[in-house]
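2 protein chains.
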Amino acid sequence: MDDVTFAVLGTGGIGRRALEVSQHKDALTPVAACDRHGVAVDFDGLDVEELLAATEGNIDNEVATDGGATAAGGGVKQHGENRGVVASEQARTSEDPIQEIIDRGDGIDAVLLALPNYEHDFIPRTADRFVEGGYSGVMIDVLKRSRVIDMLDERADAFDDAGITFICGAGATPGLLTGAAALAAQSFVEIEAVDIWWGVGLKSGYEDNRGTVREDIAHLPDYDIETARELSDEEIEAIIDDHDGVIEFEDMEHADDVLLERAGICDAEDVEVGGILDVRSDEKPTTTTVRVTGRTFDGETATNTFQLGDETSMEANVNGPALGYLKAGVRRNRAGEYGVFGPAELMPGF
Amino acid sequence: MDDVTFAVLGTGGIGRRALEVSQHKDALTPVAACDRHGVAVDFDGLDVEELLAATEGNIDNEVATDGGATAAGGGVKQHGENRGVVASEQARTSEDPIQEIIDRGDGIDAVLLALPNYEHDFIPRTADRFVEGGYSGVMIDVLKRSRVIDMLDERADAFDDAGITFICGAGATPGLLTGAAALAAQSFVEIEAVDIWWGVGLKSGYEDNRGTVREDIAHLPDYDIETARELSDEEIEAIIDDHDGVIEFEDMEHADDVLLERAGICDAEDVEVGGILDVRSDEKPTTTTVRVTGRTFDGETATNTFQLGDETSMEANVNGPALGYLKAGVRRNRAGEYGVFGPAELMPGF
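Sequence lines, in order, name chains A and B.
Okay, so the first sequence: first residue is 1 according to our numbering, each after it adds one.
Okay, so the second sequence: first residue is 1001 according to our numbering, each after it adds one.
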């Protein structure tokens, strides 16, 4: 496969780390990055080190408290003195940064949507803009919510007509762990249960990942995506305090279920996702584990297991896989396969 | 992806189980099977149940003791009263069963080479015949030996010209475990070590898998592929007795190493493969485990782990993955990607 160029929409925790990890990937060249304030484009490849250094401590990944949604940020507010990506000397301000990426789409094989998703139709609506703008290529997100997949599915025909291969839920979970479940399922002819259990220690990474923490809170029994979006920073801190910094989640609305069903691995109802988030330690409070239980063709029942080392950060487990799925998406796109795909569908035809 | 038709060359342990497992796979239709004695072809789909029942207890997967190699079997001798696949009412005798498959290649998307490999160029030579016969499609093997990959690589241009996508080493290990290593590597930007350790309990499956046991013996320090081929059944039994039925293997010449290097996952020299075979028990003597140790982009070192449940048989872990990789190969072939691919290369562009 030839070189792959990609753009990142959003320069919060995920967008920044994706740029960083891409430096370790051969034949993967970041050529554009934007946030609500501006855009950086360089088809010879962005200077990722400069961009990250200039924007460090300037994370722009919080939900808007003014309720406003602008073109590029979809309801984000800024931190720090400079304005997001524009702090980089490669970037310039823009009234409509996303449109600038769309207008240069011919030179961009894939677009990673690392955008806030408190408005859970923000990524689908952004995809609409790419369709309208005549983009043809790969779009990829690392979203967690099952309902976003449905919204993307409604657009499958439009993607197909446009020549867009949309890869959804391609981070850690769903993403890496969904792929692991698809692989682990290969010993079996029938799957009884897929159990995904994650541990995240997010002390030093907390500032960079407020968006993730907010979204996780939306999975608690007393909250949903709308009420979590309304929470002030102080209210979030209070919730964390209530749990002594360690929050356990059960039966989460994680898209792993629908993504495994799409790929024909198992029924969505046989998939359970839960985990423990500790924002006061960098140690994982529990080992991230995927267990796939099934029946073999010769009648045995067994459980295959995939475990992530406790020392791997959430960022490491999101961004490596995301870029791998991105490259897989480009391969599909070049082969003329358009529409919506989940990570398990990108695994060998299992 | 549309329906996939496939043929099986060889109806020993692997060929028979591949046919059986394919019955559980949607959109995968076995249309041909052959051994040295004959061939069965039905483009509406073989009656797998009849074929397996008719040939049960009639396994034809032993090395020739007369040194002879015929067109279809490459040095196999028969057991039982009937002659291999011809015991099935769907099959008929043939002077050149492989040529009959080649001649019907237009209707066959993929060919699984479940052939004996004591002559380790038998599979490459069979591939040559498909090239010469104008076949265009997928060829796939479940071989273990690194050196066979080299022989296939020498044919990459010929495959490319012919429109053949050759998938090599796509069983359990290499195969399922190679894919697991590629996936587990995604948390890291640099891999330090891949450690593959397998356990196989082969009491009730022993008769069906003499070929596998013979090949494993070739990995022992005092043997190689040539000397193992010369062993009589009695000599093999004596070796097994010497080890009280439990044979441990270290630093095996398993192609996982070159297949992971091909896919850009790590250097071949960082991969170690070993395991324990117990032919006197169906219980695995040790849990099959893949350990991938690496460094994350943020500087941590950790180990991700993939384990197969002890109750899954070798046959379950070979044939499900093989058919998955077969389907992945067909996708590549239809996209115009020809040449030689290993299992890790079929994983998302990791």
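Glycine is no exception: its CB is placed at the ideal position from the N, C-alpha and C atoms.
Please read all numbers here as calculations on a predicted model, not as lab measurements.
Could you name the residues that DSSP lists as bridge partners for residue 1030(B)? Note: residue 1030(B) sits in a beta bridge opposite 1006(B).
Please report the straight-line C-alpha distance between residue 64(A) and residue 322(A), rounded to a whole angstrom. For residue 64(A), the predicted structure reports a pLDDT of 35, less than 50, and the residue's modelled location is therefore unreliable. The matter cannot be settled from this model.
Tell me where the beta strand (DSSP E) around residue 1304(B) begins and ends. Boundaries of the beta strand (DSSP E) harbouring residue 1304(B): 1301-1307, taken from the DSSP string.
When you compare each of 328(A), 153(A), 132(A) and 233(A) to residue 162(A) by their alpha carbons, which one comes out closest? When each option's Cα is compared against that of residue 162(A), the closest is 132(A).
Distance between beta carbons of residue 270(A) and residue 191(A), contact taken as under 8 Å: Their Cβ separation, rounded to whole angstroms, is 6 Å, which keeps residue 191(A) and residue 270(A) in contact under 8 Å.
Pairs of beta-carbons, one from the stretch 91-105 of chain A and one from the stretch 113-130 of chain A, closer than 8 Å: are there three or more? The answer is yes - the stretch 113-130 of chain A touches the stretch 91-105 of chain A, with three or more Cβ pairs under 8 Å.
Is there a Cβ from chain A that is less than 8 Å from the Cβ of residue 1331(B)? Among the CB atoms of chain A, one or more fall inside 8 Å of the CB of residue 1331(B).
Name the two residues that bound the continuous alpha helix (DSSP H) containing residue 1315(B). Its alpha helix (DSSP H) spans residues 1314-1334.
Please compile the residues from chain A whose C-beta is within a distance smaller than 7 Å of the C-beta of residue 1180(B). 183, listed in chain order.
DSSP three-state call for residue 297(A): helix, strand or coil? In the structure shown, residue 297(A) sits in coil (DSSP, three-state: anything other than H, G, I, E or B).
Using the beta-carbon of each residue, which ones in chain A are nearer than 7 Å to residue 1259(B)? In chain order: nothing, as chain A lies at least about 13 Å away.
In the DSSP output, what is residue 254(A) paired with across the bridge? Beta-bridge analysis with DSSP links residue 254(A) to 145(A).
If we ignore side chains and look at the alpha-carbon of each, how far apart do residue 1279(B) and residue 1224(B) end up? Near 20 Å, if we compare the C-alpha coordinates of residue 1224(B) and residue 1279(B).
Does the stretch 1281-1292 of chain B touch the stretch 1167-1187 of chain B, meaning 3 or more C-beta pairs lie closer than 8 Å? When Cβ pairs closer than 8 Å are counted between the two stretches, the stretch 1167-1187 of chain B is seen to touch the stretch 1281-1292 of chain B, the count reaching three or more.
Close Cβ partners of residue 338(A) (< 7 Å) along its chain, the five nearest in sequence each way excluded: A distance below 7 Å between beta-carbons, with the five flanking residues on each side excluded, links residue 338(A) to the following residues of its chain, in chain order: 159, 160, 163, 164 and 165.
Can you tell me the Cα-Cα spacing of residue 1088(B) and residue 1056(B), whole angstroms? One alpha carbon belongs to residue 1088(B), the other to residue 1056(B), and they sit about 10 Å apart.
Could you compute how far the alpha carbon of residue 275(A) sits from the alpha carbon of residue 320(A)? For residue 275(A) and residue 320(A), the distance between alpha carbons rounds to 21 Å.
Residue 1120(B) versus residue 1167(B) - alpha carbon distance: Each residue's alpha carbon lies about 16 Å from the other.
Secondary structure of residue 172(A), DSSP reduced to three states: In the structure shown, residue 172(A) sits in coil (DSSP, three-state: anything other than H, G, I, E or B).
For the candidate residues 330(A), 206(A), 51(A) and 348(A), whose alpha-carbon lies nearest to that of residue 10(A)? With distances taken between Cα atoms, residue 10(A) lies closest to 51(A).
In whole angstroms, what separates the C-alpha of residue 312(A) from that of residue 1102(B)? Inter-residue distance for residue 312(A) and residue 1102(B) is about 49 Å (C-alpha atoms, whole angstroms).
The stretch 1195-1206 of chain B: which residues have C-beta closer than 8 Å to a C-beta of chain A, in chain order? Going along the stretch 1195-1206 of chain B in chain order, one finds no residue with a Cβ nearer than 8 Å to chain A.
I need the straight-line Cα distance from residue 1085(B) to residue 1091(B), nearest angstrom please. Taking the straight line from one Cα to the other gives about 6 Å.
Who are residue 38(A)'s beta bridge partners in DSSP? Paired residues: 93(A).
Contacting positions in the stretch 1297-1310 of chain B - beta carbon closer than 8 Å to chain A: Along the stretch 1297-1310 of chain B, the positions whose C-beta sits under 8 Å from a C-beta of chain A are 1297, 1298, 1300, 1301, 1302, 1303, 1304, 1305, 1306, 1307, 1308, 1309 and 1310, read in chain order.
Is the stretch 210-228 of chain A in contact with the stretch 339-346 of chain A, if contact means three or more CB pairs nearer than 8 Å? Under the 8 Å Cβ criterion, the stretch 210-228 of chain A does not count as touching the stretch 339-346 of chain A, having fewer than three qualifying pairs.
Quick check on DSSP: helix, strand or coil for residue 67(A)? Because residue 67(A) sits at a pLDDT of 30, beneath the cut-off of 50, its placement in the model cannot be relied upon, and the following sentence gives the value as read from the coordinates. Coil.
Below 8 Å, can you find three or more Cβ-Cβ pairs linking the stretch 1300-1316 of chain B to the stretch 1181-1188 of chain B? Taking 8 Å as the limit for Cβ pairs, the verdict is that the stretch 1181-1188 of chain B does touch the stretch 1300-1316 of chain B.
Alpha carbon of residue 61(A) to alpha carbon of residue 116(A), nearest angstrom: Note on residue 61(A): pLDDT 46, under 50, position unreliable in the model; the coordinate value appears next. Rounded to whole angstroms, residue 61(A) to residue 116(A) spans 7 Å at the Cα level.
Residue(s) in a DSSP beta bridge with residue 275(A): Per DSSP, 198(A) and 249(A).
For residue 200(A), collect the residues of the same chain with a Cβ closer than 6 Å to its Cβ; drop the 5 residues on either side in sequence, then sort them by chain order. Excluding residues within five positions, the ones whose Cβ falls inside 6 Å are 277 and 314.
Rounded C-beta distance between residue 1027(B) and residue 1003(B)? I'm assuming under 8 Å. Your pair residue 1027(B) and residue 1003(B) checks out as a contact, with CB atoms roughly 5 Å apart and the cut at 8 Å.
Residue 317(A) at chain B interface by Cβ criterion, 8 Å: Cβ-Cβ to chain B under 8 Å: yes for residue 317(A).
Under 7 Å by beta carbon: chain B residues contacting residue 325(A): Within chain B, the residues near residue 325(A) are 1348.
Please check the pair residue 140(A) and residue 325(A), which I expect to be a contact at CB under 8 Å, by giving their CB distance rounded to whole angstroms. Indeed they touch by this definition, with Cβ atoms about 6 Å apart.
For residue 1212(B), which residues of its own chain have a beta-carbon under 6 Å away from its beta-carbon, when the five flanking residues on both sides are left out? Within the same chain, residue 1212(B) has no close Cβ partners at all.
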